[in-house]
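Numbering (our numbering), first residue to last: 521 to 661. Beta carbons are placed, not taken as given, at the ideal position from N, Cα and C, and that holds for glycine.
In structure tokens form, the structure reads like this:
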């Protein structure tokens, strides 16, 4: 693969209760384990939050790209991402993703076609395909 863009990040401290910073400095934040996972409930992001935000934004970009190629107006479309973490049943942990796509002005069927096409080109979808469950759900606006 010929890289179009690369970025580096460094995690320091105590992992999930540590700090992450990208080389650009645009992401530079402390992290905290969520209360649901035994953390202290500090109001700080965690790796799953960052992954959910990145996946939602990347998928939305892929959706808009697919729509442009098909000359479909997706106007005020939105993509939400829910990332869950849990036991993988083998002593480790795994992730699951649910994407929720809303495309006002399009039928559910057409919106699902566009979302399915976006799922084929989105880099996050391609990276996770076959590795973790990812559901792409279209909902009415």
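What does residue 618 pair with, by DSSP beta-bridge criteria?
-> Here residue 618 is bridged, per DSSP, to 602, 655.
Looking only at its own chain, which residues have a Cβ that is under 6 Å from the Cβ of residue 580, when we skip the five neighbours before and after it?
-> 599
Selected residue, minimal CA-CA separation from residue 555, among 543, 537, 544 | 537
Under the criterion of a Cβ to heavy atom distance below 8 Å, does residue 645 qualify as lining the ligand ZN?
-> No copy of the ligand ZN appears in this structure; indeed no ligand is present at all.
Whole-angstrom C-beta distance between residue 619 and residue 655, which should lie under 8 Å | 7 Å
Contiguous beta strand (DSSP E) assignments of at least 3 residues, all confined to the region 544-593 = 548-550
Touch test, the region 626-644 against the region 571-590, Cβ-Cβ under 8 Å, three pairs minimum | yes
Within the chosen definition, does the region 592-606 reach the region 566-580 through at least 3 CB pairs nearer than 8 Å?
-> yes
Going by alpha carbons, who is nearest to residue 551 out of 653, 561, 523, 632?
-> 561
Give every residue of the same chain whose Cβ lies closer than 6 Å to the Cβ of residue 531, excluding the five residues on either side of it in the sequence, and list them in chain order.
-> If the five residues before and after residue 531 are omitted, its C-beta is found closer than 6 Å to the C-beta atoms of 538, 540, all from its own chain and listed in chain order.
Contact under 9 Å by Cβ, residue 593 with residue 622 = The Cβ-Cβ distance between residue 593 and residue 622 does not fall below 9 Å.
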